[in-house]
């Protein structure tokens, strides 16, 4: 059984330009590689940090704050883990592809595990 989401949110700082040709790019993949979600169901938003660099029309159309069902996010969380991964670069740069993949997989698995363990403490609401 296949489950397709109703929509997909992509956070990209130049999304206002990038999304214009998304349908054409997807068509080039052919039916076997094309995603199961339709291009009109892809929602492109900007990180809050990048909004002021865009014209007001873009700021309104691509704002996390104005998009229903995305929650209160700045869209930057996905990038926060990269700083920690830079520390293992010196260890993995001389590894073969398999060892490098396993090491990075372990790193990100540990990162995700720590997020899950700390999820309760990070989501407490003050009284």
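Residue numbers (this note's numbering): 2 to 128. All C-beta atoms, glycine included, are put in the ideal place defined by N, C-alpha and C.
query: Residue interval of the alpha helix (DSSP H) (run including residue 27); result: 23-30
query: Where residue 71 sits in the DSSP three-state scheme; result: coil
query: 8 angstroms Cβ shell around residue 51 - same chain, five flanking residues per side excluded; result: 14
query: Simplified DSSP assignment, three categories, for residue 64; result: strand
query: 6 angstroms Cβ shell around residue 136 - same chain, five flanking residues per side excluded; result: Within the shown structure, residues of the chain are numbered from 2 to 128, placing residue 136 beyond reach of any answer.
query: Residue 45 - partner residues in DSSP beta bridges; result: 11
query: Simplified DSSP state of residue 36, which is helix, strand or coil; result: coil
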